[in-house]
Amino acid sequence: MIVREVEEAALDWVWAHRDRFALGEDALAAEGQVNRTWKPLGELARVCASVATCTPPTDPLHIRVRDLLDFAWQQTRRGELFLLMQSLEPFATYPLEVYAAFASAGHRHTGYEASAAVVARTRGWRLTEQCPTRRLGVIEAERRSGLNPHGRVPQALDRTWLGGLPEPWTFERAAGYALTHVVFHLTDWGRTPRGVPPDLADYLLHWLPPWLDTCLEARMWDLSCELLAVAAGLPRPPEPAVLEDAWQRVAAARHASGAIPEEGVIQEESAGSAGSAGSAGSADGADPYAFTDCYHSTLMAAFAAALTTARLRDVDHAGQGVPG
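Residue numbers for the sequence shown follow the numbering used here, so the first one is 17 and each next one is one higher.
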């Protein structure tokens with residue numbers, strides 16, 4: 017199964033590079049770069065929480081992602097760092113967004129939740145200026161963390177690019193990432209496909225295939241994997257032929273280590289192919305890409321593949337099958 021092979025290889029790479037997701041001493045520094053500290057860790061937690069949910073407990077991959085999730089939780093000192101961040105940056109939303117990923121998997125810190133609830137009741141929190149997609153994500157993070165959401169999903173959704181059912185030819189990179197995250201928030205990261213309203217589901221069913229083809233043709237592997245995750249999370253997925261072609265192209269884009277670059281041409285000397293899931297690095301032991309150039313796309317490949325594999329178990333193969 018090509019989808020399963022992509023998932024296994026991607027998680028092999030993540031496991032081999034798990035120390036790169038660890039928090040350093042700059043995690044709480046005022047001048048620290050959140051995108052290089054908390055963002056990778058949060059994305060690791062988010063993907064692992066979702067993959068664990070849609071993978072049977074007897075599956076070896078379930079055990080692996082649970083171990084990765086425990087590793088990530090330990091990096092936060094079992095939630096203690098969220099409480100420290102709350103005192104340092106009380107109106108920053110990213111700590112809650114990262115925490116929500118852990119909370120959705122059962123890792124909770126009551127002290128942080130109590131502190132966050134106090135801040136969330138302030139006008140300053142409710143009035144923080146955010147792009148519409150981010151605001152939708154914060155509302156969902158509040159819900160998953162046991163807080164009272166400061167807004168309603170339908171109203172937040174209406175302000176997003178996807179919620180307005182835009183002209184399909186206005187699709188571009190930024191819009192693509194915005195729409196994927198809108199769907200992730202609406203479906204609780206693939207758990208509830210019915211969370212996508214019928215009009216949005218019909219719109220995506222019609223336009224997702226050409227958008228996906230455009231991204232694959234442009235070698236935008238990261239966004240392509242996010243779109244494949246969207247496809248697997250819709251109430252009704254696109255035609256099997258569309259997904260089969262897309263997964264073949266993603267599989268061909270991966271390095272033998274399992275890593276997938278965010279975009280561009282893969283390393284020619286060790287280009288991956290369907291069924292090749294080599295070692296954690298290239299033939300000479302060196303990583304094929306910089307960590308920041310491939311960790312997110314590799315995580316997204318594992319996420320999309322896990323959702324797709326789960327869909328294989330849930331839909332009628334004859335009528336709505338997805339590639340095996």
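Cβ coordinates follow ideal geometry from the N, Cα and C atoms, glycine included.
DSSP assignment within the segment 100-164 yields the following whole alpha helix (DSSP H) runs of 4 residues or more, N-terminal first: 110-119, 126-136, 139-142, 148-160. The Cβ-Cβ distance between glycine 249 and alanine 25 does not fall below 8 Å.
In this structure, DSSP gives histidine 201 a helical state, which the three-state scheme calls helix.
By the 16-neighbour rule on beta-carbons within 10 angstroms, glycine 40 is exposed. Rounded to whole angstroms, the separation of the alpha carbons of methionine 17 and glutamate 113 is 34 Å.
Sequence-distant Cβ neighbours of alanine 68 in its own chain, meaning closer than 8 Å and more than five residues away, are His78, Val81, Arg82, Leu85, Ala121. By the neighbour-count criterion, in which 16 or more other beta carbons inside 10 Å mark a residue as buried, tryptophan 185 falls on the exposed side. Assignment of histidine 312 by DSSP, reduced to helix, strand and coil, places it in the helix class. Residues of the same chain with a CB within less than 6 Å of the CB of valine 246, apart from the 5 flanking positions on each side, are Thr196, Val199 in chain order. For phenylalanine 37, the three-state secondary structure derived from DSSP is helix.
Residue nearest to arginine 160 within the set Arg62, Leu220, Val134 is Arg62 (criterion: CA-CA distance). Annotation: the continuous alpha helix (DSSP H) that includes proline 226 extends over 214-233. In the three-state scheme derived from DSSP, where H, G and I count as helix and E and B as strand, tyrosine 305 is classed as coil. In this structure serine 240 is in contact with alanine 262, their Cβ atoms being roughly 7 Å apart against a cut-off of 8 Å.
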